[in-house]
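Engineer:
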Amino acid sequence: MARIENYKYSIEEAFRECFYIIPDYQREYVWTDKEVHQLLDDIGEQIDAGSTREYFIGTVLVSPSDQKSHYEVIDGQQRLTTFYLLLCALRHLFQGEPQRQTIGGLISTSYTDSDGETRTSLKLEPRYENAGEVMTKLVELDAAPQAVRAGIQAAGIASFGSLENLVNAYSTLYRYLKDNYDDVAKLKRYWGYLANNVVFIQISTDVSSALKIFETINERGIGLNPMDLLKNLLFTQVKQAQFTQLKDEWKKITKPLEKEKEKPLRFLRYFLMANYAIKNDRGDAVVREDEIYDWFVAKENAALCDYANKPFDFIRKVIRNVDHYIAFANGLGNDGKHNLAMENLKRLTGGAFSLHYILLLAASNFQKPLFDYFVSQLESFLFYYIFTKTPTKDLERSFSQWADKLRIIAEGRDAEDQKVQLNAFVANYFEKNMTGKSQELIDALKRLSLHSMQQYRTRYLLARLTQHVDMAFSGLYTPGSLEPFIKLEIEHILPDNPTTELRNKWANENPNADYDDYKNRLGNLTLLEKPINIVAGNDFYEVKQAEYRKSGNYLTRSLVDLTIVGQNTSISRINAKLVTFPSWDATSIEKRHGMLIVLVQDIWKTTPIDV
446 MARIENYKYS
456 IEEAFRECFY
466 IIPDYQREYV
476 WTDKEVHQLL
486 DDIGEQIDAG
496 STREYFIGTV
506 LVSPSDQKSH
516 YEVIDGQQRL
526 TTFYLLLCAL
536 RHLFQGEPQR
546 QTIGGLISTS
556 YTDSDGETRT
566 SLKLEPRYEN
576 AGEVMTKLVE
586 LDAAPQAVRA
596 GIQAAGIASF
606 GSLENLVNAY
616 STLYRYLKDN
626 YDDVAKLKRY
636 WGYLANNVVF
646 IQISTDVSSA
656 LKIFETINER
666 GIGLNPMDLL
676 KNLLFTQVKQ
686 AQFTQLKDEW
696 KKITKPLEKE
706 KEKPLRFLRY
716 FLMANYAIKN
726 DRGDAVVRED
736 EIYDWFVAKE
746 NAALCDYANK
756 PFDFIRKVIR
766 NVDHYIAFAN
776 GLGNDGKHNL
786 AMENLKRLTG
796 GAFSLHYILL
806 LAASNFQKPL
816 FDYFVSQLES
826 FLFYYIFTKT
836 PTKDLERSFS
846 QWADKLRIIA
856 EGRDAEDQKV
866 QLNAFVANYF
876 EKNMTGKSQE
886 LIDALKRLSL
896 HSMQQYRTRY
906 LLARLTQHVD
916 MAFSGLYTPG
926 SLEPFIKLEI
936 EHILPDNPTT
946 ELRNKWANEN
956 PNADYDDYKN
966 RLGNLTLLEK
976 PINIVAGNDF
986 YEVKQAEYRK
996 SGNYLTRSLV
1006 DLTIVGQNTS
1016 ISRINAKLVT
1026 FPSWDATSIE
1036 KRHGMLIVLV
1046 QDIWKTTPID
1056 V
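Counting in this note's numbering, the sequence shown runs from 446 upward without gaps.
Laid out in structure tokens, this is it:
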């Protein structure tokens, strides 16, 4: 039997001692914002808690190659690739610091091959498709995400599918560090924990044996399910004759979470904070992952849950919350059906933000009209926090405490009184906080460009703006689905890939405005139907105007002309907020950018529900 070795590595040890090769027969990089953020949030939670304990991220299965210290990755490449991209982001952010050189040695280094030649190689080399070229260029550029994307594009490297996933993951990781560790001291603390405390077990054997181990791991599963301790606790509360019933009920909790690839521990945290008043020595009303089981067995909390006297009632409560949790993750309402408010909220939060599930679970017992109203207000509130890139840990304590207020409202029996209380809740917690962040939002939007947020969020922003203008034009007050607007293409009014003639004309007429900066600014972006976009192409604005007039959305048509219909009409009122542009220069982009910011404030705001 082939020799099997295993080592416990920290992240720094692994990338210092090993070269990882992702063979071309392996699955490509498929992680999205959701998976990347789950990993980042889990580590961030340990750091925020001041933990000095090791954080175990599982096993990595490798097979040694002919070259010393070089390993083909059989299982674990999604995690390894993500950590490698995280190292790349850290290296760039540690400008002028000694950590930069240390991390640089974990990204690429020189070694002596079997022929005695000195070679320099990346410490992680993907060999599928054009991934190696993308990764090499990303490492070589050593830049912020927008510059990396532009550099890959300028090099003529095809970036699509899994290759785009690599670039998107780098952008997500970079933004996370910038948003949450915004000074050198914080960044050093983060790097110190990541380098030393984040660990995994590396199992090394020949390819054939490694593939067999991989198959066995996936068939049987390794280690305890995160919810096993709670499961075992509940089994101690029932008679042996009820074991089968309990087992069947338990599957209604675990199976949906497994199917949707939702982390059980994350669900349990949100379940507790949504359903119970959390008390701890820190006074922050937050339950951390490593505190979940201790919370359940504490005498006071056991009485709150009452799983000793009514174990099946407790389990059914968890099941109801799982059903809601999965529905919310899929953009459905608290009735499990399609829901426009939840659809919009999902488009905003994507897979990168999930903390709002605490509030949604707490409000899940509202009647549908009240729940839908609450979701629309929550969308406006979260827009302010997401587009100002406020760290999620700033919200966690508040959401846990606000959930207590929502449960009280949900328990009310008088529908009119519920509306009064919910209006007060929205005014006291959402509106007040949004007012406090209004200038911060304006400043963030002034800096907004195509690549400063995840593209799905930029598309969501443009879609909501376009829908809002169309509704105002038509005199409509109840929005429909964003889907028709989401399907439109993002058009660069100042072309993304200009001709040399156009670029030179811009430089002559706008000497103090960098073309590549202005082309990606919010003011230069609009939505356009694909056939029209193809015809408009990369031409001068004067030529594109004829195509913009053909667009089905008024926000794009209004670039060129305004439709004049009477006075004090829905059209004249929206016209007062729009601007037409006979020509297109830096001043035009800045003016339109400001116009869109004003529209943003008209859209994402709180409104009371009628009593």
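Beta carbons: idealized from backbone N, C-alpha and C, even for Gly.
Count the other C-beta atoms from every protein chain shown that fall within 10 angstroms of the C-beta of F716, then say buried if there are 16 or more, exposed otherwise.
Structural biologist: Answer is buried; the Cβ neighbour count reaches 16.
Engineer: Does the beta-carbon distance from S894 to N942 come in below 7 angstroms?
Structural biologist: The answer is no: Cβ separation not under 7 angstroms.
Engineer: From N1020 to M718, what distance separates their C-alpha atoms?
Structural biologist: Their Cα atoms are separated by approximately 46 angstroms.
Engineer: Could you please give the first and the last residue of the uninterrupted alpha helix (DSSP H) stretch that includes L1051?
Structural biologist: Per the sequence presented here, residue 1051 reads as Thr, with Leu not at that position. Counting along the chain, T1051 falls outside any alpha helix (DSSP H), and DSSP gives it neither H nor E.
Engineer: So, with DSSP's three-state summary, where would you put G503?
Structural biologist: G503: strand per DSSP, three-state reduction.
Engineer: Given 8 angstroms as the limit, is there contact between the segment 807–826 and the segment 759–778, that is, 3 or more CB pairs closer than that?
Structural biologist: As far as the Cβ criterion goes, the segment 807–826 touches the segment 759–778, which means the pair count is three or higher.
Engineer: Are the CB atoms of Y621 and L485 within a distance shorter than 7 angstroms?
Structural biologist: Yes, the pair counts as a contact, with Cβ atoms nearer than the cut-off.
Engineer: Straight-line CA distance for P671 to D587?
Structural biologist: Annotation note: pLDDT 48 at P671 (below 50); position unreliable, coordinate value reported separately. Roughly 38 angstroms between the two C-alpha positions.
Engineer: With the cut-off set at 7 angstroms, would you say F844 and I803 are in Cβ contact?
Structural biologist: Contact: yes.
Engineer: Can you list, in chain order, the residues of its chain whose CB lies under 7 angstroms from that of V1010, leaving out five sequence neighbours each side?
Structural biologist: I1016, S1017, listed in sequence order.
Engineer: How far does the beta strand (DSSP E) with F798 in it extend, from its first residue to its last?
Structural biologist: First-last for F798: undefined, no H or E at that position.
Engineer: Run through DSSP, which three-state label would T526 get?
Structural biologist: Note: T526 maps to helix in three-state DSSP.
Engineer: What three-state label does DSSP hand Q647 in the structure shown?
Structural biologist: Q647 falls in the strand class under three-state DSSP.
Engineer: Answer yes if the segment 852–864 comes into contact with the segment 897–907, meaning at least three C-beta pairs across the two stretches below 8 angstroms, and no otherwise.
Structural biologist: Because the criterion of three Cβ pairs below 8 angstroms is not met, the segment 897–907 and the segment 852–864 do not touch.
Engineer: Quick test of your reading: I502 and L639, contact by CB under 8 angstroms. State the CB separation rounded to the nearest angstrom.
Structural biologist: In fact, because the Cβ distance is near 11 angstroms, the residues do not count as touching under 8 angstroms.
Engineer: Considering just the uninterrupted stretch of the beta strand (DSSP E) at L567, what are its terminal residues?
Structural biologist: Where L567 is concerned, the enclosing beta strand (DSSP E) stretches over 563–567.
Engineer: Taking its Cβ as the centre, do 16 or more other Cβ atoms sit within 10 Å of L793, making it buried, or is it exposed?
Structural biologist: That one is buried.
Engineer: Using the Cα positions of L425 and F875, report the straight-line distance between them to the nearest angstrom.
Structural biologist: Nothing about residue 425 can be read from this structure; the chain reaches only from 446 to 1056.
Engineer: Specify the secondary structure class of P543 as computed by DSSP and reduced to three states.
Structural biologist: In the structure shown, P543 sits in a helix (DSSP, three-state: H, G or I).
Engineer: Could you name the residues of the same chain whose beta carbon sits closer than 7 angstroms to that of L867, not counting the 5 residues immediately before and after it, in chain order?
Structural biologist: Cβ within range, chain order: L815, F819, I854, I1054.
Engineer: Starting from T971 and walking both ways along the alpha helix (DSSP H), at which residues does that stretch end?
Structural biologist: Run containing T971: none in the alpha helix (DSSP H); it sits in the beta strand (DSSP E), 970–973.
Engineer: Reducing DSSP to helix, strand and coil, say where P571 ends up.
Structural biologist: Looking at P571 - three-state DSSP - the assignment turns out to be strand.
Engineer: Hey, out of R892, V871, L851, E928, whose CA is closest to L827's CA?
Structural biologist: Closest by alpha carbon: V871.
Engineer: Assuming R902 contacts G968 (C-beta within less than 8 angstroms), just tell me the rounded distance between them.
Structural biologist: Rounded, the Cβ-Cβ distance is 17 angstroms, inconsistent with contact.
Engineer: Does the contact criterion of 3 or more C-beta pairs under 8 angstroms hold for the segment 972–989 versus the segment 927–934?
Structural biologist: Yes: the two stretches touch, three or more of their Cβ pairs being nearer than 8 angstroms.
Engineer: With a threshold of 8 angstroms, are at least 3 pairs of Cβ atoms found where one atom belongs to the segment 882–899 and the other to the segment 571–588?
Structural biologist: Touching, no.
Engineer: Can you find the residues in the same chain that come closer than 6 angstroms, C-beta to C-beta, to E664, ignoring five residues on each side of it along the sequence?
Structural biologist: Residue placement at E664 cannot be trusted, given a pLDDT of 46 that sits under 50; the coordinates are not used to answer.
Engineer: Roughly how far, in whole angstroms, is the beta-carbon of Y770 from the beta-carbon of L749, given that I think they are within contact range, below 8 angstroms?
Structural biologist: Not confirmed; about 20 angstroms, so no contact.
Engineer: Can you list the beta strand (DSSP E) stretches of 3 or more residues lying completely in the segment 451–478, in chain order?
Structural biologist: For the segment 451–478, whole beta strand (DSSP E) runs of length 3 or above, ordered along the chain, are 464–467.
Engineer: Could you pull the DSSP bridge partners for E936 from this structure?
Structural biologist: DSSP lists T971 as partners of E936.
Engineer: Along the chain, where does the alpha helix (DSSP H) containing S496 start, and where does it finish?
Structural biologist: Unbroken run through S496: none, as it is neither H nor E.
Engineer: Counting pairs of beta carbons, one from the segment 506–526 and one from the segment 536–546, are three or more of them closer than 8 angstroms?
Structural biologist: The segment 506–526 is not in contact with the segment 536–546.
Engineer: If you measure between the beta carbons of D469 and R572, is that distance less than 7 angstroms?
Structural biologist: Cβ distance < 7 angstroms, so D469 and R572 count as in contact.
Engineer: For A869 and T880, I'd like the C-alpha separation in whole angstroms.
Structural biologist: For A869 and T880, the distance between alpha carbons rounds to 15 angstroms.
Engineer: Given a threshold of 16 other Cβ atoms within 10 Å of its Cβ, counted over all protein chains shown, does S1065 qualify as buried or as exposed?
Structural biologist: Outside the displayed range of the chain (446 to 1056) lies residue 1065, so it cannot be described from this structure.
Engineer: Is it true that the CB of T1008 sits closer than 7 angstroms to the CB of T971?
Structural biologist: For T971 and T1008, no; Cβs fall outside 7 angstroms.
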